[in-house]
Amino acid sequence: NDDARTIEDLYRANGFEQVKTTTKVVDDYGGKDNQLAVSLHIDEGVQTLVGALHLVGNESKMDEPFPVLNLAANEPFSESLVADDRDIILNHYFNHGFPDATFEASANPIAGQPDRMDVTYTIKEGERVSVDRVLVSGLNFTRPPIVQREIQMQPGDALSQIDMLDTQKRLYDLGIFSQVDTAVQNPDGDEHEKNVLVQ
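Below, the structure is given as structure tokens:
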């Protein structure tokens, strides 16, 4: 049964939403005791493909190109691929200074082609945010330069989720801190520049 579910998940991820797998087990196969014959019959159904993929709202210019997505015209359509694309797109924005970015997806069958889906990804970028200052607190015995060289953010950089996590990891890897926290602060009320606190 686990194998059947694994097979169905693989097919669904490749556009076969109606796939069905049936299993059959024959005991004492070929007249031999304790020998089993296991057969799995796969009814694939119809494969659904992407007719066209539309991106709406991706207007900001970034240093890195827009990431490669799973869905594309004439490629398989599945909800799991849409979910993967959601993570790819949001991570791209979160790591380039857009902490409030949101994502919505819609898919509609093409008239007269029920096995084709037109897909639209709608992105609301929100405001781009940069680092104003990087503040370090809680150092009682460790010299500040030891910490500063591990910090992956500088004033003026786009606020990046991955840079904050990388900074936290690098500080833990030093093996001298029992706890490291990174947080975004905005004491001056400026929505476009944030202070990052490392403690």
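Per my numbering, residue 24 is the first one in the sequence shown, and the count goes up by one each step. All C-beta atoms, glycine included, are put in the ideal place defined by N, C-alpha and C.
Within 8 Å, strictly: CB atoms of residue i and residue j
i	j	result
VAL207	LEU182	yes
ASP26	GLN70	no
GLY120	VAL159	no
HIS215	GLU150	yes
Candidates the options: closest to residue i by CA position
i	options	result
LEU59	LEU220, ASP50 and LEU94	ASP50
VAL73	VAL159, ASN24 and ALA130	ALA130
ASP204	GLY161, THR46 and GLN171	GLY161
ARG172	THR29, ARG28 and GLN191	GLN191
HIS77	SER62, GLU127 and TYR34	GLU127
LEU33	GLY198, VAL170 and LEU104	LEU104
VAL48	SER62, ALA36 and ASN57	SER62
PHE100	SER83, ILE199 and ASP141	ASP141
THR143	LEU194, TYR195 and ALA75	ALA75
SER83	GLY68, HIS115 and ALA106	HIS115
TYR224	VAL170, GLU102 and ASP86	Within the shown structure, residues of the chain are numbered from 24 to 222, placing residue 224 beyond reach of any answer.
GLU102	ASP66, GLU40 and GLY68	GLU40
Environment of residue i [buried if 16+ CB atoms lie within 10 Å]
i	result
GLY135	exposed
VAL42	buried
ILE174	buried
ASN163	exposed
TYR52	exposed
PHE89	exposed
HIS64	exposed
ARG166	exposed
GLY38	buried
ARG35	buried
ASP56	exposed
LEU197	exposed
ASP86	exposed
ASP186	buried
Whole-angstrom C-beta distance between residue j and residue i, which should lie under 8 Å
i	j	result
ASP155	ASN218	5 Å
LEU92	ASP108	5 Å
ASN81	ILE146	5 Å
LEU113	ALA124	6 Å
VAL157	VAL79	Not quite, the Cβ-Cβ distance comes to about 35 Å (not below 8 Å), so this is no contact.
THR45	GLU31	Between GLU31 and THR45 the Cβ distance is about 11 Å, and since that is not below 8 Å, they are no contact.
GLN202	PHE117	With 8 Å as the limit, GLN202 and PHE117 do not qualify as a contact, their Cβ atoms being about 24 Å apart.
Q.
Report the start-end ranges of each alpha helix (DSSP H) in the stretch 75-141 that is 4 residues or longer and not cut off at the edges.
A. 102-117
Which runs of the alpha helix (DSSP H) spanning at least 4 residues fall entirely within the stretch 144-220, listed in chain order?
167-171 and 184-196
| task | Just list the beta strand (DSSP E) runs in the stretch 30-74, keeping only unbroken ones of 3 residues or longer that don't cross its boundaries, in chain order. | result | 43-49 and 60-66
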